[in-house]
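Read the structure below first, then the notes.
Chains as they are written, first to last, in our numbering: chain A, 78 to 263; chain B, 78 to 263; chain C, 78 to 263; chain D, 78 to 263; chain E, 78 to 263; chain F, 78 to 263.
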């Protein structure tokens with residue numbers, strides 16, 4: 078049940094901070110929260126019937142498709158509050174998107190950062206989702222069966238809840254270049 | 078290689094209609110295509126650690142969350158061309174989104190319809206993706222581990238390629254109300 | 078009751094075309110409707126505590142405020158489908174906005190026209206509303222009590238329901254320049 | 078009065094802070110103002126020929142229409158600066174919208190809050206206006222005569238001018254749930 | 078000349094089709110015009126203090142910057158009606174953008190195509206302008222003096238006025254790949 | 078020069094702050110930068126075959142066209158981050174646009190101001206570019222040969238690099254009213 082899932086709170090519903098006392102959805106009021114540095118990392122996998130590793134590395138098309146998808150995701154991430162009703166409009170400090178092709182799949186990772194009173198989880202997820210859809214779009218003729226899998230938050234830090242990592246050991250193998258870059262970027 | 082993956086076409090790269098002769102991405106020119114009725118259905122699953130079936134059916138919050146997510150998806154579907162660079166801006170005739178909660182998951186389905194020279198696959202996928210993210214957003218505090226799975230095209234008809242269905246027998250079990258409604262809607 | 082209000086229809090709820098058979102809101106499917114020329118006129122009044130007729134006619138500020146408000150309304154009218162979830166995205170053929178200042182009030186009128194399968198009522202209403210709010214915005218310091226009154230549809234023609242006029246004889250007195258222009262414009 | 082004020086350079090035009098010294102409209106420069114907590118409440122009434130109180134309280138359609146309108150208003154409130162030219166783009170901390178149906182009308186109330194150098198009056202008014210239009214849209218077939226009345230600012234606090242309330246004693250009777258919630262939210 | 082034309086009501090003002098009989102700006106009513114295939118080509122030059130030809134052809138950064146700018150321009154071209162108040166919202170059939178680097182400059186070309194009652198000149202110009210600004214943005218640190226020059230329409234065909242070409246013989250030398258591609262694309 | 082800088086990994090690429098260590102474009106991370114007051118001024122010239130100085134100064138149309146263009150530019154300037162992928166979304170404190178007609182040309186100037194960790198150069202350039210295009214749009218019928226020239230940054234101050242002015246003595250002659258106004262505005 079919800080109350081057990083949110084065990085540290087009294088009654089389950091209270092853990093849905095998007096609901097007010099009468100059960101109506103609302104934007105969470107963040108005015109009382111301190112501004113802290115917050116980072117969110119989201120990931121997704123695009124699964125294709127096309128073996129990307131056999132495409133010649135010098136074939137320009139793949140790099141172009143990936144680049145298009147990255148910019149698409151960055152622009153979408155910055156517009157999250159216009160897409161998701163209860164998200165706060167925030168001036169995100171950076172959105173980084175990485176795409177790594179391998180056999181039959183793309184690994185997508187988006188990192189959003191901000192110094193604010195509210196998190197950037199939805200910004201990272203939105204950037205990741207639209208990057209993935211842009212890749213699906215590019216392969217629509219070659220593979221109408223392409224799917225997006227495991228689109229989810231991977232890491233978040235900052236704010237009340239501190240550092241949080243999704244517990245998936247196998248993930249290290251598909252780790253992208255960005256996290257290392259990120260840790261040194263400020 | 079791509080050419081084998083797209084076996085029914087002559088040369089692999091040609092099957093990426095978003096690429097021109099020099100490998101650069103572009104919007105596909107659709108001016109020569111006839112206007113036909115086109116329908117696209119996309120689906121996704123939101124997987125949670127919360128058992129939705131145990132939430133009281135009279136608890137208003139869940140219905141509100143679902144309704145918010147549906148409208149979010151409809152608005153996003155209508156803005157697909159602003160999010161995906163190589164999509165044509167089209168005046169979609171309808172976008173329908175359905176959400177069905179069950180144990181630990183939401184089934185999401187989006188249907189886009191148009192009479193145009195270009196398809197509405199990306200509109201259905203975008204509506205589906207943003208609906209799913211809106212649901213993830215609502216459960217962010219209760220379950221930061223929520224993920225979106227199997228976001229993909231499920232059915233498309235109209236245009237050069239006729240009717241096409243994703244071959245997944247198990248899908249029938251989670252079939253939503255909408256398809257039946259749709260078939261009678263015109 | 079609704080059914081009596083919508084007396085010409087069989088059952089009340091059916092008259093809410095934005096609802097499907099299960100009571101869920103949806104975009105109305107317009108694919109089966111013919112494309113016809115459709116015109117919608119909306120009006121609103123902005124009521125101020127400032128006597129606009131005493132402002133010198135040569136004072137440039139008022140003309141600038143009105144012009145700003147008109148363009149604001151036109152741009153908003155073209156974006157109606159992004160603001161109102163169940164409106165169809167349409168390529169409106171023209172949006173015209175007029176503003177006439179008098180003592181203590183602005184009369185605002187917006188006309189939207191299209192050749193389409195769906196009407197442009199919401200486009201006219203949205204253009205009218207945002208024009209009015211832009212005027213309110215300009216007088217925010219001089220009159221925080223400004224209000225928008227009688228924002229409503231005034232005329233619509235085209236489509237299944239033919240010509241329709243709001244029954245208000247007094248309206249002729251505040252009739253704006255636009256309608257005459259409009260009737261000769263095609 | 079404004080007309081006399083407008084006759085002299087000293088007071089009159091200065092009250093239109095959206096005009097510069099030459100009478101041209103501009104965004105007010107707020108860089109010198111302190112960041113303070115600001116709250117704005119706007120209200121509007123949607124007047125219908127349909128008696129909403131006779132609709133069965135269990136009829137799901139009305140709740141859905143209201144919910145759709147609320148989200149529509151929240152999304153629009155966050156996009157105010159894109160709609161109203163001279164509004165500052167601000168990262169509003171919260172937008173809350175309430176809708177209460179009664180006989181032949183909806184009472185709509187929107188509350189916007191921020192800690193900033195500029196107010197959120199237009200955000201509240203825009204959220205309120207688009208919520209009202211979304212309700213009008215839903216009843217377009219049942220009642221094309223629906224109108225929006227008394228769309229105006231109701232309360233604002235914060236900034237140079239302190240607390241301000243619209244002087245209308247009768248308003249208490251139609252007071253919505255939100256204000257009480259709001260006063261305890263930070 | 079326009080000044081003499083503007084002196085009489087007969088010819089001058091009529092040439093400004095964005096003005097109505099009273100000199101007020103408006104969207105041109107296009108409902109009476111036939112739908113024809115229309116093509117518009119716009120060009121611009123970005124002038125830098127950086128010799129692009131000396132950058133190693135294998136340096137990936139330049140290709141990435143160009144690709145980003147191209148997609149940026151395509152997305153902006155599709156949103157022209159939201160940026161330019163009196164432009165009609167149109168469902169452009171294709172927007173193609175090309176960028177060619179040479180010594181100290183980028184040549185930018187945008188081609189917009191549609192089958193509609195109104196032209197796509199502003200769509201091509203907007204795509205071209207935003208592509209150019211995206212390039213300026215990428216070189217902001219290396220060259221804050223970068224400028225955009227000769228942003229203008231280069232070719233248009235379709236509609237009442239037939240084929241039209243800007244009379245500039247020297248232009249052939251900087252002709253981009255796109256026109257040839259375009260002529261065969263339908 | 079950049080070409081030599083680009084030859085080594087140490088200095089060259091670092092000057093393109095939009096590229097990360099691997100040559101991929103990214104949003105610059107600004108979280109470590111202090112918030113300072115930043116001002117950017119951009120200018121452009123619209124060149125026409127129409128002698129604007131011979132148009133009667135009382136002819137209302139020109140003032141309307143200019144006013145429309147100014148608002149268009151202000152709205153676009155506030156949406157820069159949605160148009161240019163690697164720009165940070167910022168809550169700009171003011172965008173001012175001025176347009177001065179003379180013989181055969183319009184001088185356009187846009188000033189953007191903010192107290193932030195990142196500059197507003199692109200906001201000023203975007204406001205300037207779209208203002209210029211809006212003017213081109215208004216004269217499209219009278220002069221399809223209109224062009225935008227010398228669109229570039231003219232002044233920036235604030236941030237790490239202090240005050241910077243474009244070195245062009247002749248510019249004083251076409252200096253607009255705004256800079257003086259600006260210096261006294263905070």
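Positions of the beta carbon are idealized from the N, C-alpha and C atoms, including for glycine.
All figures in this text were calculated on a predicted structure; none of them were measured in a lab.
For residue 145/D, the nearest CB of chain B lies under 8 Å from its own CB, placing it at the interface with that chain. Close partners of residue 169/E in chain B (Cβ separation under 8 Å): 165 and 166. Straight-line measurement puts the Cα of residue 225/A at about 28 Å from the Cα of residue 113/B. Not flagged as an interface residue toward chain D: residue 111/A, since no C-beta distance is shorter than 8 Å. Within the segment 177-196 of chain E, the residues whose Cβ lies closer than 9 Å to some Cβ of chain B are 190, 191 and 192, listed in chain order. Here the C-alpha atom of residue 181/D lies approximately 47 Å from the C-alpha atom of residue 117/A. Across the set 207/B, 214/B and 215/B, the C-alpha of 207/B shows the shortest separation from the C-alpha of residue 160/A. For residue 141/A, the chain E residues whose C-beta falls within less than 8 Å of its own C-beta are 144, listed in chain order. Nearest Cα to residue 129/D within the set 216/D, 192/D, 154/D and 152/D: 216/D.
Of the residues assessed, residue 240/E falls on the exposed side of the cut-off, its CB having fewer than 16 other CB atoms within 10 angstroms. Taking 3 residues as the shortest admissible run, the segment 183-254 of chain B contains the following complete beta strand (DSSP E) segments, listed from N- to C-terminal end: 224-234. Shown here, residue 119/C sits in a strand according to DSSP, grouped into three states. The three-state reading of DSSP puts residue 171/C in strand, counting E and B together. Here residue 149/E is not bridged, per DSSP, to any residue. Residue range 157-160 is occupied by the alpha helix (DSSP H) that includes residue 160/A. Closest in alpha carbon position to residue 222/E, among 124/F, 146/F, 111/F and 233/F, is 233/F.
Taking a beta-carbon distance threshold of 8 Å, residue 232/C does not count as an interface residue toward chain D.
The three-state reading of DSSP puts residue 126/F in coil, since its state is none of H, G, I, E or B. Comparing alpha carbon positions, the residue from 183/C, 192/C and 200/C closest to residue 209/C is 183/C. Interface criterion not met: the Cβ of residue 172/A is under 8 Å from no Cβ in chain D. The residue from 176/D, 192/D, 143/D and 196/D with its alpha-carbon nearest to that of residue 165/D is 196/D. Between residue 143/E and residue 111/E, the gap from beta carbon to beta carbon reaches 8 Å or more.
Cβ neighbours of residue 200/C within its own chain (closer than 6 Å, five residues either side excluded): 154, 157, 169 and 189. With fewer than 16 other Cβ atoms from the protein chains shown falling within 10 Å of its own Cβ, residue 131/B counts as exposed.
Rounded to whole angstroms, residue 204/B and residue 145/B show a C-alpha spacing of 13 Å. With a cutoff of 8 Å on beta-carbon distance, residue 123/D and residue 213/D are scored as near each other. Separation of residue 150/A and residue 176/C (C-alpha to C-alpha, rounded to the nearest whole angstrom) is 41 Å. Taking 8 Å as the CB threshold, residue 229/F stays off the interface with chain D. Put simply, the backbone Cα of residue 242/A is about 41 Å away from that of residue 220/E. By the criterion of a C-beta distance shorter than 6 Å, residue 115/B is surrounded in its chain by 191, 196, 197, 235 and 236, once the five residues flanking it on both sides are discounted. Residue 138/D counts as buried, since no fewer than 16 other beta carbons sit within 10 angstroms of its beta carbon.
In this structure, the beta-carbon distance from residue 121/A to residue 185/A falls below 8 Å. Chain-ordered, the chain B residues with CB closer than 7 Å to the CB of residue 206/A read 206 and 210. Separation of residue 211/A and residue 227/E (C-alpha to C-alpha, rounded to the nearest whole angstrom) is 33 Å.
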